[in-house]
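S.K.: The structure's right below; bear with me while I get my questions together.
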């Protein structure tokens, strides 16, 4: 089955419709605050008690640390970057870096744009059951450097073939030319195309991902069948995929998680030439192909809250925060939940090597290990800028309205800056301070704009093409509202209008973005 949806205009009430044998329901878990919870070489699933081989971008509960017990996330988190208070789970993926095609020793961290986690409650005759605290999952192969044998499509049910859980999606202003060439073999600088979608495939594309408010997106699906005999922590064997929507007898059907991880890749437009087989982005494990994309999850849900969402909420894109009768309430989106890294090293800004000394691989070079020498470049001795000087100059000229907004507010920056990281307990929450914001090299104008609601509006276009809008509140993007049509062009230099806050109760805007999910089931 192909599941497609476009962002809708306006708001709608979340229904209290439970999943059934013939109806999928879902709700999106949104995140808030200044950047992710943490960006660091930490992975308590694969590398417990020691630094991980490569950097991850982490969201969720503040108890995230090198070592975590089953109840650590739920019981020890003082805050969470999830908008839903009772979700202290942790969600993480490899971070993304830009390698200068003209100088491979000039490497720059790509800022996180935003992340969504979809909770799909699939059509099934099984009972869908909430994750238990400490439930661990890992999907994807961090050593993979060769294209999947079954092509670039997404498969999440055995009835549709061999599961293919990870993709890269490249939303574009125009699909006159697809993001992936139809004849690509996946070995020469560009991945394999999805047989259905013009914007998706396995591995990285070799074009600019330039749709408004939708830059390059890393897509990760998790299996939804849990084997209780394997146990919560046996991440290698405790999960499998359903068949025709159902799990094997004796297994537990859990929510189907789907990560959307957007990175601010348009900041680097103009620094590389598309179509030459030399796309410049690499995962933090040194993979330039994107085939090794993977994701991790540790549940820190209050079980009653998640079960209530499963049984009663079909909020869709509008988000879990609109689920009826949500237990525990919501976090204040004007605040931020970030923690300090337990490793004193540069992971953001510019660097000459990937963190941990991970080498950058090559296309067609065979599978790799994804780990480096473990070398640490201390943040205390190496200056980390938010972007390279060249990228800053280019982004000021070429960034779209959404990129300008994220640069102006720091919303797309990578959490607590590594320049201030120290050897500390990774679970220690730190509020985003003025010093933190300044250290991410935000424009000086940020402080002057903090008391305004800023509305960036794309220039008027002739019908039937609509305009696009990004809402910024008190110097921080929270959600984006976009009016779209299928043939919407990329915005050019946006107009800027400022609206003084009137002191009335602040109303959170709903994030909308135009994109298409395509999953074979």
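Residue numbers (mature numbering (1 follows the signal peptide of the UniProt record, and there is no 0)): -18 to -1, 1 to 503. Where is the CB? At the ideal position from N, CA and C, for every residue including glycine. Please read these numbers as outputs of a predicted model, since none were measured by experiment.
#1: By Cβ distance, which residues of its chain are closer than 6 angstroms to residue 118, with the 5 residues on each side in sequence left out?
#2: Who does residue 278 pair with in a DSSP beta bridge?
#3: Of the residues 68, 257, 263, which one's Cα is nearest the Cα of residue 250?
#4: DSSP three-state call for residue 193: helix, strand or coil?
#5: Are residue 19 and residue 44 close, meaning C-beta to C-beta below 8 angstroms?
#6: Per DSSP, which residues does residue 66 bridge with? Please list them.
#7: Considering Cα atoms alone, identify which of 261, 204, 244, 167 is closest to residue 80.
#8: Would DSSP call residue 248 helix, strand or coil?
#9: Any idea which residues DSSP pairs residue 345 with across the strands?
#10: Quick one: give me the first and last residue of the alpha helix (DSSP H) that residue 291 is part of.
#11: Which residue's Cα is closest to the Cα of residue 267: 306, 335, 193, 210?
#12: What does residue 203 pair with, by DSSP beta-bridge criteria?
#13: For the putative contact between residue 242 and residue 199, defined by C-beta atoms under 8 angstroms, what is the C-beta separation to the nearest angstrom?
#14: Terminal residues of the continuous alpha helix (DSSP H) containing residue 9?
#15: Does the region 226 to 239 come close enough to the region 92 to 112 that 3 or more CB-CB pairs lie under 8 angstroms?
#16: Contact defined as beta carbons within less than 8 angstroms: I believe residue 187 pairs with residue 152. What is the distance between those atoms, to the nearest angstrom?
#17: In terms of residue numbering, what span does the beta strand (DSSP E) encompassing residue 39 cover?
#18: List the residues that DSSP assigns as beta-bridge partners of residue 332.
#19: So, does the region 114 to 130 touch the region 276 to 296, judging by three or more C-beta pairs under 8 angstroms?
#20: Tell me the DSSP secondary structure of residue 214 in three-state form.
#21: Cβ of residue 21 within 8 angstroms of Cβ of residue 39?
#22: For residue 34, count the other beta carbons within 10 Å of its own beta carbon; 16 or more makes it buried, fewer makes it exposed. Which is it?
#23: Could you name the residues that DSSP lists as bridge partners for residue 298?
#24: Evaluate contact between the region 128 to 147 and the region 80 to 97, counting only Cβ atoms and requiring at least three cross-stretch pairs below 8 angstroms.
#25: Cα-Cα, which of 156, 170, 209 is closest to residue 190?
#26: Under a three-way DSSP split, which group does residue 34 fall into?
M.R.: Reading from the atomic positions:
#1: 27, 215, 217, 280
#2: 74, 120
#3: The residue from 68, 257, 263 with its alpha-carbon nearest to that of residue 250 is 263.
#4: strand
#5: yes
#6: 312
#7: It is 261 whose Cα lies nearest to the Cα of residue 80.
#8: Residue 248 falls in the helix class under three-state DSSP.
#9: Its beta-bridge partners do not exist; DSSP assigns none.
#10: 285 to 294
#11: 335
#12: 240
#13: 6 angstroms
#14: Careful: residue 9 lies outside any alpha helix (DSSP H), inside the beta strand (DSSP E) at 7 to 12.
#15: Yes, the region 92 to 112 touches the region 226 to 239.
#16: 4 angstroms
#17: 38 to 42
#18: Residue 332 pairs with 90.
#19: yes
#20: coil
#21: Taking 8 angstroms as the Cβ cut-off, residue 21 and residue 39 qualify as a contacting pair.
#22: buried
#23: According to DSSP, residue 298 bridges with 9.
#24: no
#25: 156
#26: Residue 34: coil per DSSP, three-state reduction.
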